[in-house]
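Visitor: For reference, the structure I am asking about is given below.
Set out below in structure tokens:
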């Protein structure tokens, strides 16, 4: 399956996908990386892997639709079958989302539907929850909405700060995102009535819950 990855910053989830795609048994390849930020550090990850990159600085466009038209054109020119948002910090219009319906996914650093939006880890600590995590979901027009493909859970420790919790969740993200892409590429994911059904060996399953161990591996 041909992937197009959208980034805005450091690109750590992009790097996890690059590493996964480098494995001979992984059923997907990244054919392009697009960024709205010319200074995105993640562009260097793509360059080192020999993946074509393009930058469309959203600040150069008076209309969001013009910016998105170029994104769409670049994705289609590369033959992209699945768009992977990986720290892409732009809200996409309904029109763009419709063009890539059930062909665009995102990773969010919480157990959705809890803690949508920004400042997730600070809000998590303020709420006093004991378990946090991350979610890979299909993109819908509403922010951080859409059928959930997979989730990973991590503990919230008594002495956590937003920074330590973020690091623990990010480690899980780097494992969860490639797993979710694999499920899609292997044809094990269907969207039925706005919910994901995962199919293993011909039967629907409730879906995997990946819980990283408390101790380092």
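In our numbering, the protein residues as written are 28 to 244.
Backbone N, C-alpha and C define an ideal beta-carbon position, used for all residues, glycine too.
In whole angstroms, what is the alpha-carbon distance linking residue 173 and residue 136?
Guide: Along the chain shown, read from residue 1 onward, the residue named residue 173 stands at position 146. Along the chain shown, read from residue 1 onward, the residue named residue 136 stands at position 109. The straight-line gap from Cα to Cα measures roughly 15 Å.
Visitor: So residue 209 packs on residue 88, CB below 8 Å; how close in whole Å?
Guide: As a position in the chain shown, residue 209 is number 182, starting the count at 1. As a position in the chain shown, residue 88 is number 61, starting the count at 1. Not quite, the Cβ-Cβ distance comes to about 35 Å (not below 8 Å), so this is no contact.
Visitor: Are the beta-carbon atoms belonging to residue 166 and residue 119 less than 9 Å from one another?
Guide: Sequence index remark: in the chain shown, residue 166 carries index 139 (1-based). Sequence index remark: in the chain shown, residue 119 carries index 92 (1-based). Closer than 9 Å, so yes.
Visitor: Using the three-state DSSP reduction, which class does residue 85 fall into: helix, strand or coil?
Guide: As a working note, residue 85 is residue 58 in the chain shown. Residue state, collapsed to three classes: helix.
Visitor: Mind checking whether residue 124 and residue 29 have CB atoms under 9 Å apart?
Guide: Taking the chain shown and counting its residues from 1, the one referred to as residue 124 is at position 97. Taking the chain shown and counting its residues from 1, the one referred to as residue 29 is at position 2. No, the Cβ-Cβ distance between residue 124 and residue 29 is not below 9 Å.
Visitor: Quick test of the definition: if touching needs 3 or more C-beta pairs under 8 Å, does the region 200-215 touch the region 170-187?
Guide: Yes, since at least three Cβ pairs between the region 200-215 and the region 170-187 fall closer than 8 Å, the two stretches touch.
Visitor: Assuming residue 73 and residue 37 form a contact by the criterion Cβ under 8 Å, report the distance between their Cβ atoms to the nearest whole angstrom.
Guide: The residue given as residue 73 occupies position 46 in the chain shown. The residue given as residue 37 occupies position 10 in the chain shown. The Cβ separation is near 12 Å, so there is no contact.
Visitor: Pick out whichever of 222, 143, 61, 112 has its Cα sitting closest to the Cα of residue 170.
Guide: The count along the chain shown starts at 1 and reaches residue 170 at position 143. Nearest option by C-alpha distance: 143.
Visitor: Residue 50: buried (16+ other C-beta within 10 angstroms of its C-beta) or exposed?
Guide: Start at 1 with the first residue of the chain shown, and residue 50 comes out as number 23. The residue in question, residue 50, is exposed, as its Cβ has fewer than 16 Cβ neighbours within 10 Å.
Visitor: Taking the CB atoms as reference points, tell me whether residue 139 and residue 164 lie closer together than 9 Å.
Guide: For this step, residue 139 is matched to residue 112 along the chain shown. For this step, residue 164 is matched to residue 137 along the chain shown. Their beta carbons are under 9 Å apart, which means residue 139 touches residue 164 by this criterion.
Visitor: Run the CB neighbour count on residue 42, radius 10 Å, all protein chains shown included, and call it buried at 16 or more, exposed below.
Guide: Locating residue 42 in the chain shown gives position 15, counting from the first residue. So residue 42 counts as buried.
Visitor: Along the chain, where does the alpha helix (DSSP H) that runs through residue 112 open and close?
Guide: Sequence index remark: in the chain shown, residue 112 carries index 85 (1-based). From DSSP, residue 112 is part of no alpha helix (DSSP H) but of the beta strand (DSSP E) over 109-112.
Visitor: By the 10 Å Cβ neighbour count, where 16 or more other Cβ atoms means buried, how is residue 219 classified, buried or exposed?
Guide: Your numbering for residue 219 matches position 192 in the chain shown. Residue 219 is exposed by the Cβ-count criterion.
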